[in-house]
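See structure below.
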Amino acid sequence: MELDELRIFQAVLQEESVTRAAQRLHRVQSNVTTRLRQLEDKLGVALFLREGKRLIPTDAAWRLGDYAERLLALSEEAGQAVADGEPRGRLRLGSMESTAGARLAPPLAAYHRRYPEVQLELQTGVSRDLILAVREGKLDAALVSGAFGDERLEEVPVFEETMVLIAAAGRDALTLERLADSTLLAFGNGCAYRQRLEFWLQEQGLQPRRIVEMGSYHAMLGCVACGMGLAMLPQSLLDSMPLLAAQVSIHPLPDDLRLSRTMLVRRRGVRHPALDALLDTLRPAGDAALAPAQAPSIPARGAMH
2 MELDELRIFQ
12 AVLQEESVTR
22 AAQRLHRVQS
32 NVTTRLRQLE
42 DKLGVALFLR
52 EGKRLIPTDA
62 AWRLGDYAER
72 LLALSEEAGQ
82 AVADGEPRGR
92 LRLGSMESTA
102 GARLAPPLAA
112 YHRRYPEVQL
122 ELQTGVSRDL
132 ILAVREGKLD
142 AALVSGAFGD
152 ERLEEVPVFE
162 ETMVLIAAAG
172 RDALTLERLA
182 DSTLLAFGNG
192 CAYRQRLEFW
202 LQEQGLQPRR
212 IVEMGSYHAM
222 LGCVACGMGL
232 AMLPQSLLDS
242 MPLLAAQVSI
252 HPLPDDLRLS
262 RTMLVRRRGV
272 RHPALDALLD
282 TLRPAGDAAL
292 APAQAPSIPA
302 RGAMH
């Protein structure tokens, strides 16, 4: 197998389309199709089932995808190792929106100044989708909430967030019963923060009356300020948006819910010099955030001050 064939195969697997893969690789479609069939002939297996214009990956394609990701990463690492050792090339980073908004701007700016040869791409999303993208090789790494224990992934703690509950300004102390009877504003089901809050409420024997899904924290804060409902988010995000934060009331959460660790996840065993350099840049910014100030604890079914 040639590395060029693996790059073409990987692009088709990730894009799920010869047309999009050709555009990504700046090649003509006929070349992509020919090289893909040549790879299938060499391996003696079908990598894709073809239904009209659709390409459906076979089990062999998914197995080869893991090896292709590692081989291409090793090839890039080897090229950098025998050059000047400076990080360069494309680095695809995923992040929760709250982390991107509250934590990443200063370290990414410093990283860009120090390593101008790295083409950094940032994609935001919910933790579940970001982890899947790392597993499938669509992202080199992602900043997500919590540890997942996946043997295919390496997890490095970067930040620790203090989670708070926000309500309309002037809202009195919140009881858990009132929380359960309120509308909760949250991201989609793949959001780790939402999952933690829902699971915690279930442990208290409660269930939110209604959940309204939103796509941004700005919209969430605006709706909370107008009295539409309650939301749980990191204190650091509020600190980064003082004008919006001034329009809501902030309520601490119990000890078993208020702390959330942000992890950088990457595929285990795949070395990426540009990613290593990014992690070195993030660590100083994360050191202070790994020891947040203590917030008062709230007993179950007690008042949420």
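Residues are numbered in our numbering as their position in the sequence shown, beginning at 1, plus a constant of 1.
Even glycine gets a Cβ: it sits at the ideal position worked out from N, Cα and C.
These numbers come from a predicted model, not from an experiment.
Three-state class that DSSP yields for residue i in the structure shown
i	result
residue 238	helix
residue 295	Because the pLDDT at residue 295 is just 42, under 50, the model does not fix this residue reliably, and the point stays unresolved.
residue 209	coil
residue 301	Any reading at residue 301 must be qualified, since the residue scores a pLDDT of 41, below 50, and its modelled position is unreliable; the value itself is stated next. Looking at residue 301 - three-state DSSP - the assignment turns out to be coil, as it is neither helix nor strand.
residue 58	strand
residue 164	strand
residue 149	coil
residue 278	helix
residue 13	helix
residue 6	helix
residue 198	helix
residue 180	helix
residue 222	helix
residue 204	helix
residue 271	coil
residue 66	helix
residue 77	helix
residue 102	helix
Residue i - partner residues in DSSP beta bridges
i	result
residue 156	266
residue 233	166
residue 49	58
residue 125	96
residue 120	91
residue 214	187
residue 144	96, 265
Start and end residues, beta strand (DSSP E) containing residue i
i	result
residue 252	249–253
residue 174	Neither: residue 174 is in no beta strand (DSSP E) and is coded neither H nor E.
residue 185	184–187
Endpoints, the alpha helix (DSSP H) within which residue i is located
i	result
residue 21	19–26
residue 256	256–259
residue 33	30–44
residue 114	106–115
Integer-rounded CB distance, given that residue j should sit under 8 Å from residue i
i	j	result
residue 145	residue 242	The pair is not a contact, with the Cβ atoms about 22 Å apart (cut-off 8 Å).
residue 4	residue 76	6 Å
residue 188	residue 197	The pair is not a contact, with the Cβ atoms about 12 Å apart (cut-off 8 Å).
residue 239	residue 213	That pair is no contact at about 20 Å.
residue 48	residue 69	The pair is not a contact, with the Cβ atoms about 10 Å apart (cut-off 8 Å).
residue 109	residue 7	Residue 109 to residue 7, Cβ: 30 Å. No contact.
residue 275	residue 88	4 Å
Any 3 or more C-beta pairs closer than 8 Å across the region 30–39 and the region 7–20: yes
Between the region 89–103 and the region 149–157, do three or more beta carbon pairs fall short of 8 Å? no
Sufficient close CB pairs (3 or more, under 8 Å) joining the region 231–243 to the region 116–126: no
Do the region 210–228 and the region 237–250 touch if we need at least three Cβ pairs shorter than 8 Å? yes
Examine the Cβ distances between the region 127–142 and the region 267–276 and report whether three or more of them are shorter than 8 Å. yes
Measuring CB atoms only, is the region 276–284 touching the region 166–173, in the sense that at least three cross pairs come out at less than 8 Å? no
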